[in-house]
Amino acid sequence: MDNESTHEYQSLLTVLHECMVACNTCYQACLQEDDVQKMTECIRLDRECADFCSYFEQAISRGTAYVSELATTCITICKDCGNECKQHNHDHCQKCAEACLKCAEECQKLLA
Numbered sequence: 002m003d004n005e006s007t008h009e010y011q012s013l014l015t016v017l018h019e020c021m022v023a024c025n026t027c028y029q030a031c032l033q034e035d036d037v038q039k040m041t042e043c044i045r046l047d048r049e050c051a052d053f054c055s056y057f058e059q060a061i062s063r064g065t066a067y068v069s070e071l072a073t074t075c076i077t078i079c080k081d082c083g084n085e086c087k088q089h090n091h092d093h094c095q096k097c098a099e100a101c102l103k104c105a106e107e108c109q110k111l112l113a
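Here it is as structure tokens:
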């Protein structure tokens with residue numbers, strides 16, 4: 002993939018990175034919450050989503066031939082993480098939910 006092709010995915014690369022950062026931030030903050038037991042699914046999904054978004058960002062930068070397949074998986078993971086985070090009233094969870102759902106939306110645009 003040349004620079005022009007990478008440029009084509011610039012907005013997706015940006016939201017993937019923002020989602021990864023938001024998920025990592027939420028993950029760390031969840032570990033500090035008083036009732037960590039209530040946050041276990043949020044923590045698990047934060048990790049999963051952050052790792053996948055990071056991988057997808059790197060794969061695009063390397064010129065992967067699997068952009069559509071990875072985008073489809075990313076939509077599922079980001080929606081699951083975003084919907085879990087939306088259930089928690091913590092600011093970090095709400096920001097993470099917003100980033101995840103924005104990322105899922107950007108992936109959906111790519112597939113349209």
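Quick note on our numbering: the sequence shown kicks off at 2 and runs consecutively. Built from N, CA and C at the ideal position, the CB exists for glycine as well. Only a predicted model underlies this, so the values are computations on that prediction, with no experimental measurement involved.
Taking the alpha-carbon positions, what's the Gln29 to Cys79 distance?
18 angstroms
Excluding five sequence neighbours on each side, which residues of the same chain lie with their C-beta closer than 6 angstroms to the C-beta of Leu102?
Gly83
Can you tell me which of Thr74, Tyr10, Arg45 puts its alpha carbon nearest to the alpha carbon of Glu85?
Arg45
Note down the Cα distance separating Gln88 from Gln38, rounded to an integer number of angstroms.
15 angstroms
Taking 8 angstroms as the cut-off, does the stretch 42-59 touch the stretch 19-28 (at least 3 CB pairs, one atom from each stretch)?
yes
Is the beta carbon of Ala23 sitting closer than 8 angstroms to the one on Ala72?
no
Suppose you measure from the CA of Ala66 to the CA of Glu58; what does that come to, to the nearest Å?
13 angstroms
Take Ala113 as the anchor and find which of Lys96, Cys75, Ser69 has the nearest alpha-carbon.
Ser69
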